[in-house]
Amino acid sequence: MSQRTVMCVKLKKELPALEAPPIPGPVGKKVYEQVSAEGWKLFEEHFIMVTNENRLDLMDDSTNQIFFDQIEQFLFQDTAKPPSGYVPVAES
């Protein structure tokens, strides 16, 4: 059985797909159908940075809206920006 691939909207190339929708509901289905496993991994790293920099409480309902907004901006609109004041760690 061959591995499923998708034309990733984030990385603009055909890549191995996610094995299952990463979240329930229509947004998860959209991600599953249009985002590669590599693209989703990039989003996860981005959202960890957003969560940490903004000190988001993952138990707070308002964080859910930020999560879904970030999915749309990072993966589908390519308009996500790092939080204000974010300074990337220098690579050595």
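Per our numbering, the very first residue in the sequence shown carries number 3; after that it's consecutive. All residues carry an ideal CB built from backbone N, CA and C; glycine is no exception. None of the values given here were measured: they were computed from a predicted structure.
Contact belief for residue i with residue j at Cβ below 8 Å, rounded distance in angstroms
{"i": "Phe45", "j": "Leu77", "result": "6 Å"}
{"i": "Phe49", "j": "Gln72", "result": "6 Å"}
{"i": "Ser38", "j": "Leu17", "result": "4 Å"}
{"i": "Val33", "j": "Pro24", "result": "6 Å"}
{"i": "Glu55", "j": "Tyr88", "result": "5 Å"}
Host beta strand (DSSP E) of residue i (start-end)
{"i": "Val8", "result": "Thr7 to Met9"}
Per-residue DSSP class, three states only, for residue i
{"i": "Leu20", "result": "coil"}
{"i": "Ile73", "result": "helix"}
{"i": "Asp59", "result": "coil"}
Buried/exposed call for residue i, threshold 16 Cβ in 10 Å
{"i": "Gly41", "result": "buried"}
{"i": "Val8", "result": "buried"}
Limits of the alpha helix (DSSP H) - the one that residue i falls within
{"i": "Tyr88", "result": "Counting along the chain, Tyr88 falls outside any alpha helix (DSSP H), and DSSP gives it neither H nor E."}
{"i": "Leu44", "result": "Ala39 to Glu55"}
{"i": "Asp80", "result": "Unbroken run through Asp80: none, as it is neither H nor E."}
{"i": "Pro28", "result": "Gly27 to Gln36"}
Check: residue i C-beta below 7 Å from any heavy atom of the ligand SAH
{"i": "Arg6", "result": "Ligands are entirely absent from the displayed structure, and the ligand SAH is therefore not among its contents."}
Closer than 8 Å to chain D by CB, residue i
{"i": "Gln67", "result": "Among the chains in the structure shown there is no chain D, since it carries only a single protein chain."}
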